[in-house]
Amino acid sequence: MKQKVILLLAGLALLGGCRHARPKLVPEISPPLIQEEVCSWEGRLAGDAIFPCAGGIGWVDESGRIIAWDGEKKAAAEVFAAPFAVTAPPFFQGDLLLLRDQASQRLLVYDLAARGVKFESLRLDTERLLGVGPDGLVRLDDGRPVVHLWETPGNAFRAQEADKEFFNCHFSPEHILVMGKERLFIFWKKNRRFESLPLPRPAASPFLYDGGNIYYGSVDRSLVKFPLSGGGAEWELKLGQVLKRRPLAFAASIVASPSDQNVLQVNRRGTILWWQALGSTMSVDLLPMSVHLAAVLLNREIRFIDPKLQKVTSFKIAGRPVGTPLVFRGSLFFMTQDEKTCRLQRIGSRFGTEIELEPAPVRWLDRSLRFTLRFHNLPDPSWECVILDAAGGQVFSKSMDASGPVATLAWVPLQAGTYTIRLRARSQGRDWESAAAVQVLDPLQVVPVFRFHL
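Under the working numbering, the first residue of the sequence shown is numbered 57, with each subsequent residue one higher.
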């Protein structure tokens, strides 16, 4: 028996030794954060929406062109041009982008994922557009939701009941949900008929659909969980102020941001797990990232909230964002607009390499020149550092594999002149490069000049 135990332990140890090492993960938000301009484009925006497009970030200009910025190529290019000028703000939902000319009532729906036209109409009144999805669009007519399906756009399916106010809609494989102030409208795709359910409390916010239930804020300062199966509210959580912004599902919980400038994390049984005071009013809804929630405030501050660690990272932005920022590849992007140029900005962790020279008023010949190599959020980088003279000749070289985030080097110049320190690094399949110039002087060739004034 003892021998079997020993063999089992030896086998487990062998399996553990054969396991591949997991790659190190880079934190989503790693201070100090930076704001950088990644792209500038001549022209004016149509509306204020930015969206994922062609593997990058897209926007629409007034002429009807869809422009996409490619983060790998670090360049922007036209992806699609509508056959008309866009005079109404573009409407973006899911993977679909709706472009309109308000005067002629002409519209075009572009599928950003398939990169093609989904639907086009020469005349369709969408002034009170509520939503657009894979099967069709929803608009309002005389206080009633109306559904137009892409396969039969000429047929309009209208609800029988009306409501005073509408908030948002949600598309699912079985139905289309439309949120009114006092009723929830359900359009069943199979029989193409509307059904409506009275809400347990009048609504004050758009709704979240999650697992057969909807969550919304009510006019009497409650967060309400309402099952689509009916029978009234499953629970109501009393809030300090009215919830006017749409709740969101995040980290196996529901997150709500009422008007009292707090963020609440609630489990699906209606119990508060954690809350965070913001100290200022949000300018847009909370933006979910992979680990963090991004709260964009009116005081031009962004709070990155980690509900799991109950940690908040703040960043003060420069400029005023146009529209709602976009979460893309672990960073927050937004657009600014001046008279003729729109500028795409990124806020997030710093990535790449940096060469930091030791401070010195003058760098002399035959004196040690020290400098530090920094690798920002590059796990286990392999790197090579070379120093080139003015003619391009190599006078120094150093390389290392799987080093830490900082390396300090020293070099003694033997000749005066201008040198370039060049650093190349590779981490997790990506290459990074930076360079710095340094001037070295010969003390024997520095002749002081004295001037006498009579």
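Ideal Cβ positions, reconstructed from N, Cα and C, are used throughout, including at glycine.
C-alpha gap between residue i and residue j, whole angstroms
i      : j      : result
Pro381 : Gln332 : 21 Å
Ala305 : Leu413 : 47 Å
Met338 : Ala312 : 12 Å
Ala170 : Leu164 : 15 Å
Val319 : Gly286 : 28 Å
Leu186 : Leu193 : 8 Å
Phe360 : Phe389 : 14 Å
Ala212 : Ser252 : 17 Å
Gly460 : Arg426 : 18 Å
Ala374 : Thr474 : 35 Å
His76  : Trp420 : Unreliable positioning characterises His76 in this predicted model, as indicated by a pLDDT of 49, which lies under 50. The coordinate reading is nonetheless provided below. Distance between the alpha carbons of His76 and Trp420 is about 49 Å.
Thr327 : Leu293 : 8 Å
Ala307 : Glu84  : 15 Å
Arg356 : Ser370 : 11 Å
Ala260 : Ala481 : 53 Å
Val418 : Leu342 : 50 Å
Gly120 : Ala493 : 45 Å
Val280 : Ala289 : 7 Å
Val378 : Trp206 : 31 Å
Asp362 : Glu93  : 26 Å
Phe243 : Leu264 : 17 Å
Closest by C-alpha distance to residue i, when choosing among the options
i      : options                        : result
Trp330 : Thr474, Val322, Thr337         : Val322
Pro344 : Gly99, Thr369, Ser96, Gly386   : Gly386
Val451 : Gln471, Gly460, Ser160         : Gln471
Asp151 : Glu176, Phe227, Arg179, Asp219 : Phe227
Phe407 : Ser483, Leu353, Gln401         : Ser483
Pro469 : Phe140, Ala446, Thr392         : Ala446
Pro437 : Gly485, Pro415, Lys396         : Gly485
Arg402 : Glu98, Arg100, Lys130, Ala493  : Lys130
Lys372 : Phe384, Glu410, Val352         : Val352
Phe222 : Pro139, Ala105, Pro145, Tyr272 : Tyr272
Gly404 : Trp206, Ala350, Arg100         : Ala350
Glu134 : Phe148, Gln149, Leu153, Cys109 : Cys109
Leu500 : Ala466, Asp422, Pro262, Ile411 : Asp422
Range of the contiguous beta strand (DSSP E) that encloses residue i
i      : result
Ile85  : No beta strand (DSSP E) contains Ile85, which DSSP labels as neither H nor E.
Gln216 : Neither: Gln216 is in no beta strand (DSSP E) and is coded neither H nor E.
Asp445 : Careful: Asp445 lies outside any beta strand (DSSP E) and carries neither H nor E.
His432 : 425-432
Ile106 : It is not in any beta strand (DSSP E) - Ile106 carries neither H nor E in the DSSP assignment.
Ser278 : 278-283
Asp167 : 162-167
Phe306 : 304-306
Leu196 : 192-197
Asn318 : 318-322
Lys454 : 450-456
Asp436 : No beta strand (DSSP E) holds Asp436; DSSP gives it neither H nor E.
Ala491 : 486-496
Ser119 : Per DSSP, Ser119 belongs to no beta strand (DSSP E) and is neither H nor E.
Leu465 : 462-467
Asp362 : 357-362
Rounded Cβ spacing between residue i and residue j (contact assumed at less than 8 Å)
i      : j      : result
Ala518 : Arg200 : The question about residue 518 has no answer, for the chain in this structure spans 57 to 510.
Lys245 : Lys220 : The Cβ separation is near 26 Å, so there is no contact.
- [ ] Could you say if the region 103-116 and the region 416-435 meet the contact criterion of at least three C-beta pairs nearer than 8 Å?
- [x] no
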